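Enquirer: Just so we're aligned, residue 39 is where the sequence shown starts under this note's numbering, counting upward by one. We put the beta carbon where it would ideally sit given N, CA and C, even for glycine. Note that this is a predicted model, so its numbers are computed, not measured.
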Amino acid sequence: SSSSNNNNNNSVEALSSCTTPPLRAILFDVDGTLVNSDPLHFAVFRELLFKEEGFNNDKAIDDEFFRERIAGRQNALIMDDFFPRWSVSKRELWSVRKEERFREMAANSLMERKMPGLDRLRTWIDEQNLHKVAVTNAPRLNAEAMLSGIEYDSWFGRDGLIIGDECEKAKPDPCPYLKACEILNDNVKAEECIVFEDSPSGAKAGVAAGASLVVGILSGQTEMTMKNVGCSLTISDYNDPKLWEYLNTRIK
Numbered sequence: 039s040s041s042s043n044n045n046n047n048n049s050v051e052a053l054s055s056c057t058t059p060p061l062r063a064i065l066f067d068v069d070g071t072l073v074n075s076d077p078l079h080f081a082v083f084r085e086l087l088f089k090e091e092g093f094n095n096d097k098a099i100d101d102e103f104f105r106e107r108i109a110g111r112q113n114a115l116i117m118d119d120f121f122p123r124w125s126v127s128k129r130e131l132w133s134v135r136k137e138e139r140f141r142e143m144a145a146n147s148l149m150e151r152k153m154p155g156l157d158r159l160r161t162w163i164d165e166q167n168l169h170k171v172a173v174t175n176a177p178r179l180n181a182e183a184m185l186s187g188i189e190y191d192s193w194f195g196r197d198g199l200i201i202g203d204e205c206e207k208a209k210p211d212p213c214p215y216l217k218a219c220e221i222l223n224d225n226v227k228a229e230e231c232i233v234f235e236d237s238p239s240g241a242k243a244g245v246a247a248g249a250s251l252v253v254g255i256l257s258g259q260t261e262m263t264m265k266n267v268g269c270s271l272t273i274s275d276y277n278d279p280k281l282w283e284y285l286n287t288r289i290k
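(1) Restricting to Cα atoms, I'd like to know which of 62, 252, 110 is closest to residue 68.
(2) Residues bridged to residue 200 by DSSP?
(3) Output the distance between the C-alpha atoms of residue 283 and residue 155, rounded to the nearest integer angstrom.
(4) With residue 232 as the anchor, note down where its beta strand (DSSP E) starts and where it stops.
(5) Mark residue 75 as exposed unless 16 or more other C-beta atoms lie within 10 angstroms of its C-beta, in which case mark it buried.
(6) Flag this pair as yes or no: are the beta carbons of residue 63 and residue 252 separated by less than 7 Å?
(7) From the DSSP output, in three-state form, read off residue 40 for me.
(8) Label residue 40 either buried or exposed according to how many other C-beta atoms from any shown protein chain fall within 10 Å of its C-beta, with 16 as the threshold for buried.
(9) Where does residue 108 fall in DSSP's three states?
(10) Measuring only the C-alpha atoms, how far is residue 173 from residue 221?
(11) Can you check DSSP and say which residues form a bridge with residue 63?
(12) Quick one: residues in its chain with C-beta nearer than 8 Å to the C-beta of residue 83, no 5 flanking neighbours on either side, listed in chain order?
(13) Taking C-alpha atoms, which residue in 129, 60, 72 lies nearest to residue 90?
(14) What's the call for residue 101, buried or exposed, on a 16-neighbour Cβ count within 10 Å?
(15) Please classify residue 273 as buried or exposed, where buried requires at least 16 other C-beta atoms within 10 Å of its C-beta.
(16) Along the alpha helix (DSSP H) that carries residue 244, what are the first and last residues, could you check?
(17) Going by the beta-carbon positions, is the gap between residue 198 and residue 171 smaller than 7 Å?
(18) Quick one: residues in its chain with C-beta nearer than 7 Å to the C-beta of residue 157, no 5 flanking neighbours on either side, listed in chain order?
(19) Could you tell me the distance, in whole angstroms, from the CA atom of residue 73 to the CA atom of residue 152?
(20) Rounding to the nearest angstrom, what Cα-Cα distance links residue 256 and residue 264 in this structure?
(21) Does residue 254 come out as helix, strand or coil in the three-state DSSP assignment?
(22) Report the partner residues of residue 73 according to the DSSP bridge assignment.
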């Protein structure tokens with residue numbers, strides 16, 4: 039409706055005030071943010087959890103279960119939650135097998151799963167001469183496979199990838215985003231960054247790190263869910279007019 043459009047316009051203007059620090063870096067989550075990979079993760083979890091006797095009353099998990107209990111969370115936390123009686127090594131082995139199955143399924147479909155409008159945003163970031171870092175709770179092998187699968191590995195470069203498991207704490211802790219600012223060697227502060235996220239866990243991390251804006255990409259979660267965890271702007275993908283209206287206010 040036209041009234042909701044007016045609200046959007048007002049909110050986009052309100053997001054960028056004269057006190058906003060200059061924009062110096064864009065920090066991206068990977069799964070569901072650069073690549074629409076959540077349907078693959080859902081399929082793999084569904085397949086493998088169904089084989090575990092007694093899990094979820096022997097019913098296959100549904101989309102809601104995935105969104106609420108799996109999406110965006112670190113493997114170690116998920117396994118601790120699902121199989122508290124298992125040894126750490128058994129949980130780790132299960133996670134490794136799951137990730138192998140994911141890479142198998144993803145191998146040939148990543149390019150077509152690249153988020154719409156991402157190339158347009160990449161061009162804009164380069165034109166504005168901004169830093170960029172990928173920040174993810176995914177294991178390193180997965181993250182690297184996804185970045186190379188959409189041919190973004192060289193754009194982020196060797197250093198432009200932060201892995202939650204390699205930080206003191208993973209998301210929802212702010213540690214991975216703060217580490218991303220540190221590796222930029224240019225004294226970049228979180229309030230000079232925009233964070234793009236698709237999960238509550240990741241959005242909470244961006245907010246806690248103090249990013250100037252956390253943008254929620256609605257690839258799997260509802261707008262309400264992402265607003266509730268601190269996303270001041272939610273978009274359908276990188277072609278969303280609301281995003282470009284906002285970015286134009288940030289060009290100095």
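Expert: Let me lay it out:
(1) Mapped onto the sequence shown, residue 68 falls at position 30. The option with the nearest alpha carbon to residue 68 is 110.
(2) On the sequence shown, position 162 is the one that residue 200 refers to. BP columns for residue 200 point to 173.
(3) Along the sequence shown, one-based indexing puts residue 283 at 245. Along the sequence shown, one-based indexing puts residue 155 at 117. Taking the straight line from one Cα to the other gives about 14 Å.
(4) Numbered from 1 along the sequence shown, position 194 holds the residue referred to as residue 232. Residue 232: member of the beta strand (DSSP E) spanning 231 to 235, first to last residue.
(5) Counting from 1 along the sequence shown, the entry for residue 75 is found at position 37. It is buried - the Cβ of residue 75 has at least 16 other Cβ atoms within 10 Å.
(6) Working through the sequence shown from its first residue, we reach residue 63 at position 25. Working through the sequence shown from its first residue, we reach residue 252 at position 214. No, these two residues do not count as a Cβ contact at 7 Å.
(7) Position 2 of the sequence shown, counted from the first residue, corresponds to residue 40. Unreliable placement is indicated for residue 40, whose pLDDT of 42 sits below 50; the coordinate value is still reported in the next sentence. Residue 40 falls in the helix class under three-state DSSP.
(8) Your numbering for residue 40 matches position 2 in the sequence shown. Reliability of the predicted coordinates at residue 40 is poor, the pLDDT of 42 falling under 50, and the value obtained from them is presented with this limitation in mind. Exposed is the call here.
(9) Locating residue 108 in the sequence shown gives position 70, counting from the first residue. In the three-state DSSP reduction, residue 108 falls in the coil class, being neither helix nor strand.
(10) Here the question's residue 173 lines up with position 135 in the sequence shown. Here the question's residue 221 lines up with position 183 in the sequence shown. Distance between the alpha carbons of residue 173 and residue 221: 12 Å.
(11) Your numbering for residue 63 matches position 25 in the sequence shown. BP columns for residue 63 point to 169, 231.
(12) Within the sequence shown, the letter at position 45 stands for residue 83. Closer than 8 Å at Cβ, skipping near neighbours: 99, 104, 108, 136.
(13) Residue mapping note: residue 90 aligns to position 52 of the sequence shown, counting from 1. Selected option, being the one with the closest Cα: 129.
(14) Here the question's residue 101 lines up with position 63 in the sequence shown. Exposed, since its Cβ has fewer than 16 Cβ neighbours within 10 Å.
(15) What you label residue 273 is simply residue 235 of the sequence shown in a count that begins at 1. Residue 273 is buried by the Cβ-count criterion.
(16) Taking the sequence shown and counting its residues from 1, the one referred to as residue 244 is at position 206. From DSSP, the alpha helix (DSSP H) with residue 244 extends over 238 to 247.
(17) Locating residue 198 in the sequence shown gives position 160, counting from the first residue. Locating residue 171 in the sequence shown gives position 133, counting from the first residue. Taking 7 Å as the Cβ cut-off, residue 198 and residue 171 qualify as a contacting pair.
(18) Numbered from its first residue, the sequence shown carries residue 157 at position 119. Nothing listed; no residue qualifies.
(19) Mapped onto the sequence shown, residue 73 falls at position 35. Mapped onto the sequence shown, residue 152 falls at position 114. Between the C-alpha atoms of residue 73 and residue 152 there is a straight-line separation of about 4 Å.
(20) As a working mapping, residue 256 is identified with position 218 in the sequence shown. As a working mapping, residue 264 is identified with position 226 in the sequence shown. Looking at the two C-alpha atoms, the distance is approximately 8 Å.
(21) Residue numbering aside, residue 254 sits at position 216 when the sequence shown is read from its first letter. Residue 254 sits in a strand when the DSSP states are folded into three classes.
(22) Here residue 73 is taken as the residue at index 35 of the sequence shown, counted from 1. Residue 73 is bridged by DSSP to 69, 152.
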